[in-house]
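**Q** Submitted below is the structure of interest, expressed as structure tokens.
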Amino acid sequence: MAASNGGALPVVDLAPFFARDGADDAGARARATEAVREACQATGFFRAVNHGVPRELMARVLELSAAFFALPDEEKAKVRPAEGASAAPLPVGYARRTPTTRTSTCSSSTPTSGSTTTPPSRPDSDALEECYAKLAELGLLVQDILSECMGLPRGFLAEYNADRGFDFLTALRYFPATSSDENNGISAHEDGNCITFVLQDGVGGLEVLGADGRWVPAEPVEGSIVVNVGDVLQVLSNKKFKSATHRVVRRPGAHRHSIAFFLNLHGDKWVEPLPEFAGHASEPPRYRGFRYNEYMQLRMRNKTHPPARPEDVVHITHYEI
Ligand SMILES: O=C(O)CCC(=O)C(=O)O
Ligand SMILES: [Fe+2]
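So the sequence shown is numbered by our numbering: it starts at 228 and just counts up by one.
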């Protein structure tokens, strides 16, 4: 069900999935599911409203992030993880390892490019915890909707991606655009994971590549959450669903803050086109299978050892047949 359309990209109302059962709700759910399916086939991208994450909580987490980033560098440096504490050469985000124990790590990075990545400061981690939990819950709902959209057995994706130990939340700040550089916040990319959620403030600058090759601004819609499909779903669906190509272009006048939640897959999972989409003579598989961690490591290498030639940067095309 497409609600008000703040720009050309769809806004999908998920309210029917939270309503009590009833004949009308089934119809509304079917329409919302169809809207998600269309969005995933067209760009891999939509904005969800009535998604179950309270607005005040979203605002609070964005506020915490802005307050953290506004601290002097020396303050932010205090929550930097110890050298070698993280395998990733990136500022560290927030992740839960098991439902009972969690690691909540913070770091700041001195701005080098258009954005820096860090979670909000430790003292207010309750809002962060709650937001993380709500986004993980939303992830389960969106996985169920996607299973339905893809014509997979009910609960298929929930079972395939049942380990919530690898999800990751990160806060980003983008500097205001200046007239003297190209204003690149994050270059065009696809996310390697299953599904990403983005909470953004009102500044704007996130753009999605449309089917016609034009960049479409994902203008902020009050209370909405950006949903974008990642590479894993593109491979499982044998490219029927698109991994959204997106970027952030910095805008003048204001810092932009966003929170990204990556619904991830266990590193040992095997990723390949599902038989529902491939294996018939008419639909040969478009990807060879791979272990998720192998792909993640190749993507990490893009960052630790950036290849001299852009064509040597590893994308999901690496596994294309
Ligand atoms: O800040 C945003 O709106 C998008 C962030 C993003 O694309 C990413 O972290 O992968
Ligand atoms: Fe992204």
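Backbone N, C-alpha and C define an ideal beta-carbon position, used for all residues, glycine too.
Nothing here was measured: the structure is a model prediction, and the numbers come from that model.
Would you decide whether residue 484 is buried or exposed? Buried here means 16 or more other CB atoms lie within 10 Å of its CB.
**A** Indexing the sequence shown from 1 puts residue 484 at position 257. Counting Cβ neighbours within 10 Å, residue 484 comes out buried, since at least 16 surround it.
**Q** In its own chain, which residues sit with a C-beta less than 6 Å from the C-beta of residue 400, not counting the 5 before and 5 after it?
**A** Counting from one through the sequence shown, the residue named residue 400 turns up at place 173. Answer for residue 400: 296, 343, 482, 484, listed in chain order.
**Q** Let me check you understand the geometry: is the CB of residue 436 closer than 7 Å to at least one non-hydrogen atom of ligand 1?
**A** Counting from 1 along the sequence shown, the entry for residue 436 is found at position 209. Every heavy atom of ligand 1 is 7 Å or more from the Cβ of residue 436, so no.
**Q** Start and end of the beta strand (DSSP E) containing residue 422?
**A** For the purposes of this step, residue 422 is taken as the residue at position 195 of the sequence shown. Run containing residue 422: 422 to 427, per the beta strand (DSSP E) assignment.
**Q** In whole angstroms, what separates the C-alpha of residue 262 from that of residue 237?
**A** By 1-based counting over the sequence shown, the position of residue 262 is 35. By 1-based counting over the sequence shown, the position of residue 237 is 10. Spanning the two alpha carbons is a distance of roughly 8 Å.
**Q** Chain D beta carbons: is any one of them nearer than 8 Å to that of residue 265?
**A** Looking at the structure shown, chain D is missing, and only one protein chain is on hand.
**Q** Let me check one thing: in DSSP terms, what residues is residue 547 bridge-paired to?
**A** Reading the sequence shown from its first residue, position 320 is the one you call residue 547. DSSP lists 514 as partners of residue 547.
**Q** Where does residue 455 sit, in a helix, a strand or coil, going by DSSP?
**A** Start at 1 with the first residue of the sequence shown, and residue 455 comes out as number 228. It is a strand residue.
**Q** Taking 7 Å as the cut-off, is the CB of residue 260 close to at least one heavy atom of ligand 2?
**A** For the purposes of this step, residue 260 is taken as the residue at position 33 of the sequence shown. It does not: the Cβ of residue 260 is nowhere closer than 7 Å to a heavy atom of ligand 2.
**Q** Do three or more CB pairs link the stretch 432 to 446 to the stretch 508 to 525 at distances below 8 Å?
**A** No, they do not touch.
**Q** Given a threshold of 16 other Cβ atoms within 10 Å of its Cβ, counted over all protein chains shown, does residue 419 qualify as buried or as exposed?
**A** Walking along the sequence shown from the start, residue 419 turns up at place 192. Buried is the call here.
**Q** From residue 525 to residue 492, what distance separates their C-alpha atoms?
**A** Within the sequence shown, numbered from 1, the residue matching residue 525 stands at position 298. Within the sequence shown, numbered from 1, the residue matching residue 492 stands at position 265. The straight-line gap from Cα to Cα measures roughly 16 Å.
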